[in-house]
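The numbering of the sequence shown is this note's numbering, which starts it at 1 and goes up by one.
Think of the CB as a built atom: it goes at the ideal place given N, C-alpha and C, for glycine as much as any other residue.
Treat the numbers as computed from the prediction; the structure is a model and nothing was measured.
The structure appears below as structure tokens.
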Amino acid sequence: MSETTADDIIDRRRLRRKLTFWRVIAFCVVLSGLFAVAFASLPEERFGAKSRPHIAKVRIEGTILEDEDLIEVLEDVGESEAVQGVILAIDSPGGTTAGGEAIYNAVRKLAAEKPVTAQIGTVGASAAYMIAAGTDHIVARKTSIVGSIGVIVQYPNVADMLDKLGIDMEVIKSTPLKGEPSMFGEPVPGANEMMRAMLLDSYDWFKELVADRRGFSQAEIARLADGSVFSGRQAVERDLIDEVGGVEAARGWLAGRGVDDDLKIVEWKKTEPGSGLIWAGALARWLGFDIGGKSPVEALQERLFLDGMISVWHVDG
């Protein structure tokens, strides 16, 4: 009986040693992971490439909206002592007029602090061109699509479809122009005139902005601001852009403003989780925690519909 007890004690001691060993290993793994997460989560502005002198690159792509995250990035770039110059990489057909105005204002504020140039890729039209005009130098490829200075309002009219479906839309409103123009019937007298007056006011503002930034006379801006789009080669002939080229041309202009041509270009992006937070999120999900976050469908829905007047170029089809 005593012999069996001694064997049990030895086995228990061995088991304890094994458990202690694996507990120490698990603790070290968790501790290393926490250190890795903490290190990866350190702000680049203080410890990464953004902490050293560099040229900041900010992408402006897709549909132009009043993007608060993008505006915040532009503000951060302007406040960074490490940023010596800025390249706005623009590739957008435009978007909402108000969105273009908001980003244009942010670009003008940035240009008061740093030399800023726009580099247009495939397309920089309408509200996107408005933003480019906020910089002090515009570069585009020979075959880039540039221009489309104008404003448009579009709305569907589903009255015939509802009539075929046997659906009547009853409307009660305070005054005739309230809620006009409506997609459920023909516009009431004065509705189209009201919309056109508002549209032309924004159009005049857009033209004045471009004329002021590009140094056009009233006759010149009237000729250019008819909604036409131009290739990069045509645009440089019309002074809509300053130079044909790509990132090297943009760097060359910055060099002429005293920015070291050997500086590294570092991209500043809109708010997104850092690599440390990605690992932390993955660990949390693995442990069964719901950490939230927007789904791809929700992100798509945010950009699927454009409200208000839009300044956008597209092929009408």
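By the Cβ-count criterion, residue 97 is buried, with 16 or more other Cβ atoms from all chains shown falling within 10 Å of its own Cβ. With a threshold of 16 other beta carbon atoms within 10 Å, residue 142 falls short and is exposed. Below 8 Å, too few C-beta pairs join the stretch 130-140 and the stretch 176-195 to call them touching: fewer than three.
DSSP places residue 175 outside both helix and strand once states are collapsed to three, so it counts as coil.
Looking from the CA of residue 129, the closest CA among 209, 25, 222, 260 belongs to 209.
No residue range can be given for residue 143, since it is assigned to no beta strand (DSSP E) and is classified by DSSP as neither H nor E. Assignment of residue 160 by DSSP, reduced to helix, strand and coil, places it in the helix class. Here DSSP, grouped into helix, strand and coil, assigns residue 57 to strand.
Under the criterion of beta carbons closer than 8 Å, residue 82 and residue 109 do not qualify as touching, at roughly 18 Å.
Here the C-alpha atom of residue 56 lies approximately 10 Å from the C-alpha atom of residue 263. Each residue's CA atom was taken as its position, placing residue 72 and residue 270 some 8 Å apart.
For residue 134, DSSP records no beta bridge to any residue. Residue 106 is a Cβ neighbour of residue 75, given a cutoff of 8 Å. The three-state reading of DSSP puts residue 248 in helix, counting H, G and I together. For residue 225, the CB contacts under 6 Å within the same chain, skipping 5 residues up- and downstream, are 149, 207 in chain order.
Here DSSP, grouped into helix, strand and coil, assigns residue 216 to coil. In the DSSP secondary-structure assignment, residue 206 is not bridged to any residue. Taking C-beta atoms under 8 Å as the contact rule, residue 213 and residue 133 qualify, at a distance of about 4 Å. In this structure, residue 58 lies near residue 268, with their beta-carbon atoms less than 8 Å apart. Cβ atoms of residue 127 and residue 99 come within 8 Å of each other, at about 6 Å.
For residue 266, the three-state secondary structure derived from DSSP is strand.
Partner residues in the beta bridge of residue 231, as assigned by DSSP, are 145. Close CB contacts of residue 258 within its chain, under the 7 Å cut and outside five residues either way in sequence, are absent.
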